[in-house]
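Trainee:
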Amino acid sequence: MDVDRVAARVRGVELSGIRVIFDMAAKMPDVIRLEAGEPDFKTPQHICEAAQKAMKEGRTRYTTSRGIPELRAAIASKAKKENNIDADPDEEIVVTAGGSCAVYLAINTVVEEGDEVLIPDPTWPHYEACVKLAGGRPLTYPLKEELGFSFDIDEIKKMITDRTKMIVVATPSNPTGGVIPLKDLKALADVAINHDILILSDEVYEKIVYDGEKHYSIASLSGMKDRCITVNSFSKTYAMTGWRLGYAIAPKDIATNMAKLNLFVNSCPSSVSQEAGLAALTGPQDDVVMMLNEYSKRRRVIVDGLSRIEGFTINPPKGAFYAFPKISKLNYSSWDLCMLLLKEGRVATVPGSAFGACGEGYIRISYANSVEKIKEAISRIEETLSKIRR
Ligand SMILES: Cc1ncc(COP(=O)(O)O)c(C=O)c1O
Numbered sequence: 426m427d428v429d430r431v432a433a434r435v436r437g438v439e440l441s442g443i444r445v446i447f448d449m450a451a452k453m454p455d456v457i458r459l460e461a462g463e464p465d466f467k468t469p470q471h472i473c474e475a476a477q478k479a480m481k482e483g484r485t486r487y488t489t490s491r492g493i494p495e496l497r498a499a500i501a502s503k504a505k506k507e508n509n510i511d512a513d514p515d516e517e518i519v520v521t522a523g524g525s526c527a528v529y530l531a532i533n534t535v536v537e538e539g540d541e542v543l544i545p546d547p548t549w550p551h552y553e554a555c556v557k558l559a560g561g562r563p564l565t566y567p568l569k570e571e572l573g574f575s576f577d578i579d580e581i582k583k584m585i586t587d588r589t590k591m592i593v594v595a596t597p598s599n600p601t602g603g604v605i606p607l608k609d610l611k612a613l614a615d616v617a618i619n620h621d622i623l624i625l626s627d628e629v630y631e632k633i634v635y636d637g638e639k640h641y642s643i644a645s646l647s648g649m650k651d652r653c654i655t656v657n658s659f660s661k662t663y664a665m666t667g668w669r670l671g672y673a674i675a676p677k678d679i680a681t682n683m684a685k686l687n688l689f690v691n692s693c694p695s696s697v698s699q700e701a702g703l704a705a706l707t708g709p710q711d712d713v714v715m716m717l718n719e720y721s722k723r724r725r726v727i728v729d730g731l732s733r734i735e736g737f738t739i740n741p742p743k744g745a746f747y748a749f750p751k752i753s754k755l756n757y758s759s760w761d762l763c764m765l766l767l768k769e770g771r772v773a774t775v776p777g778s779a780f781g782a783c784g785e786g787y788i789r790i791s792y793a794n795s796v797e798k799i800k801e802a803i804s805r806i807e808e809t810l811s812k813i814r815r
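Here the sequence shown is numbered in the numbering used here, starting from 426 and rising by one per residue.
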């Protein structure tokens, strides 16, 4: 293929390391797949039934690019009750094809050529790619294990220039499992207000927190609603990754223009998925509780198992469904270790370096898999590492 036919801005973004491992693992037999970031549960039955009903009744046409009013109303009431965010469903909510699309629309709506966007490191690779595609400059601030994978606000302050347009915060975090404490969100809010900066807050793992940990939305803090774009999704909370449904809550000017962009990208989110999302928000939440209890059990199994393996150190993650053990004692780069574990141990994991330079020295292991598979994966990892020590 003639590479020059492809626009430089698209050539300038790379496929994420997660995808590379995923593709390799998919071609190999008998691999335990702990690289993917998606729940292994089925979408709850009542949600599927709502979608089937919508299909049977012919609710299969284009909707508005903001999403159906009933779903926006349900999102507004959820946001008020659970996140303490007061959003106007007609003007401040946009339903999107997953949280990924919400992030893309948000960044492309506000970032001008040359604008600087501060993003966490390590983090989900999507923000960096979207900032680059929008012509902006992604700059990373470190998340530190000794701070529970939160940030040092002074390091963020030092990075601010007159081109800083936006700061991205993601809590709970992929890949670290860290949950940003309220005091740090307050410090970040002060910085955003003092320097007139927007915040993109990715909260797609909000429901997956352990040991009484509490999730806070930065948009609920005083003076923040008008400068926050809060991104959320049905993918992780309701095991709905394939339905492609998420949303953003944003100030009116930004939401209106995100909806405009949504029209050009997607026309609208899938009508059937929106009906399913409505049932998810308004129906029973027992499955959400059941999934959290399961993740919680698996988390204990993986943390105990990895702690026993020489060379790994791990603090129990506070949220999401990823273990992010430190591997620096093993004298392998994170990429080389993941290749070894995949090729010799038949366990697929993701190198920390796929999430940014600060991810080097760690690997991400998803525990959205059965206890049985997790136990088997731990034995395989142990066995592989003991072979190289012999
Ligand atoms: C932090 C984070 N935000 C957003 C998403 C997007 O998920 P979706 O587009 O399925 O809603 C992901 C997916 O892995 C994620 O890890």
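Note that beta-carbon positions come from the ideal geometry of N, C-alpha and C, so glycine has one too. Just so you know, these numbers come straight off a predicted model, no measurement behind them.
Cβ of THR666 versus every heavy atom of ligand 1: is any distance shorter than 7 Å?
Mentor: Checking every heavy atom of ligand 1 against the Cβ of THR666, one is found closer than 7 Å.
Trainee: With a CB to CB cut of under 6 Å and the five nearest residues on each side skipped, what residues in its chain are close to MET665?
Mentor: So the qualifying residues of the chain are THR468 and PHE659.
Trainee: For the alpha helix (DSSP H) containing GLY442, name the first residue and the last one.
Mentor: Note, GLY442: alpha helix (DSSP H), 442-451.
Trainee: Give the range of the beta strand (DSSP E) segment to which ASN657 is assigned.
Mentor: Counting along the chain, the beta strand (DSSP E) containing ASN657 begins and ends at 653-658.
Trainee: Could you give the residue range of the alpha helix (DSSP H) that holds LYS685?
Mentor: Note, LYS685: alpha helix (DSSP H), 677-691.
Trainee: Are the beta-carbon atoms of THR534 and MET649 separated by less than 8 Å?
Mentor: Cβ atoms of THR534 and MET649: not closer than 8 Å.
Trainee: Quick check on the burial criterion: 16 or more other C-beta atoms within 10 angstroms. Buried or exposed for TYR663?
Mentor: TYR663 comes out buried.
Trainee: Just to check, is the beta-carbon of VAL629 closer than 7 Å to a non-hydrogen atom of ligand 1?
Mentor: Checking the Cβ of VAL629 against ligand 1 gives yes.
Trainee: Using DSSP with H/G/I as helix, E/B as strand and the rest coil, what is PRO709?
Mentor: Reduced to three states, the DSSP call for PRO709 is coil.
Trainee: For the alpha helix (DSSP H) that GLU797 lies in, which residues bound it at each end?
Mentor: Element bounds for GLU797: 796-814.
Trainee: For LEU706, which residues in the same chain have their Cβ closer than 6 Å to its Cβ, ignoring the five residues on either side in sequence?
Mentor: Excluding positions up to five away in sequence, the list reads ALA499 and LYS503.
Trainee: Determine whether the beta carbon atoms of ASN691 and ASP465 lie at a separation below 8 Å.
Mentor: Their beta carbons are not under 8 Å apart, which means ASN691 does not touch ASP465 by this criterion.
Trainee: Give the secondary structure of GLU495 by DSSP, where H, G and I count as helix, E and B as strand, and everything else as coil.
Mentor: The answer is helix: DSSP assigns GLU495 an H, G or I state.
Trainee: Go ahead and pull the three-state DSSP assignment for PRO792.
Mentor: Contrary to the premise, residue 792 reads as Tyr rather than Pro in this sequence. It is coil, neither helix nor strand.
Trainee: What runs of the alpha helix (DSSP H), each 4 residues or longer, lie entirely inside the region 467-492?
Mentor: Qualifying alpha helix (DSSP H) stretches, in chain order: 470-481.
Trainee: With DSSP as the reference, label TYR672 as helix, strand or coil.
Mentor: Residue state, collapsed to three classes: strand.
Trainee: What residues are listed by DSSP as bridge partners for SER525?
Mentor: Answer is none; SER525 lacks a bridge partner.
Trainee: Taking the C-alpha atoms as reference points, what is the distance between GLY573 and TRP760?
Mentor: For GLY573 and TRP760, the distance between alpha carbons rounds to 23 Å.
Trainee: Out of SER490, GLU460 and VAL431, state which residue places its alpha-carbon closest to the alpha-carbon of LEU670.
Mentor: Comparing Cα positions, the closest option is SER490.
Trainee: Out of LYS632, VAL435 and THR521, state which residue places its alpha-carbon closest to the alpha-carbon of VAL714.
Mentor: Here the closest residue by C-alpha is LYS632.
Trainee: With DSSP collapsed to three states, give me the class of ILE633.
Mentor: Three-state result, ILE633: coil.
Trainee: Among residues of its own chain, excluding the 5 on either side of SER441, which ones have a beta-carbon nearer than 7 Å to its beta-carbon?
Mentor: Excluding positions up to five away in sequence, the list reads PRO550 and ALA779.
Trainee: What is the DSSP secondary structure of MET591, counted as helix, strand or coil?
Mentor: DSSP places MET591 in strand when its eight states are reduced to three.
Trainee: What does the alpha-carbon distance come out to for the pair GLN699 and LEU496?
Mentor: So the alpha carbons of these two residues sit roughly 7 Å apart.
Trainee: May I ask you to list the residues that DSSP assigns as paired with SER575?
Mentor: According to DSSP, which records beta bridges pairwise, SER575 is partnered with LYS569.
Trainee: Do you know how far the Cα of LEU646 is from the Cα of GLU537?
Mentor: Cα-Cα distance, rounded: 27 Å.
Trainee: What does DSSP give as the partner residues of ALA531 in its beta bridges?
Mentor: DSSP, once it has assigned bridges, lists no residue as partnering ALA531.
Trainee: Identify which residue in THR548, ASN657, MET591 and PRO597 has its Cα closest to the Cα of VAL775.
Mentor: Nearest of THR548, ASN657, MET591 and PRO597 to VAL775, Cα basis: THR548.
Trainee: Just the C-alpha distance for ARG444 and SER721, rounded to the nearest angstrom, thanks.
Mentor: If you take the alpha carbons of ARG444 and SER721, they lie about 26 Å apart.
Trainee: Pick helix, strand or coil for ALA666, following the three-state DSSP scheme.
Mentor: For clarity, residue 666 is Thr in the given sequence; the question names Ala instead. Helix.
Trainee: Does ligand 1 have a heavy atom nearer than 7 Å to the CB of GLY523?
Mentor: Correct: GLY523 has its Cβ closer than 7 Å to ligand 1.
Trainee: Give the C-beta separation of TYR520 and PRO694 to the nearest angstrom, bearing in mind that I take them to be a contact with Cβ-Cβ under 8 Å.
Mentor: Here residue 520 turns out to be Val, not Tyr, going by the sequence shown. Confirmed, Cβ separation roughly 5 Å.
Trainee: For PRO454, count neighbouring C-beta atoms within 10 Å of its own C-beta (all shown protein chains included) and say buried if the count is 16 or more, exposed if not.
Mentor: By the neighbour-count rule (16 or more Cβ atoms within 10 Å), PRO454 is not buried but exposed.
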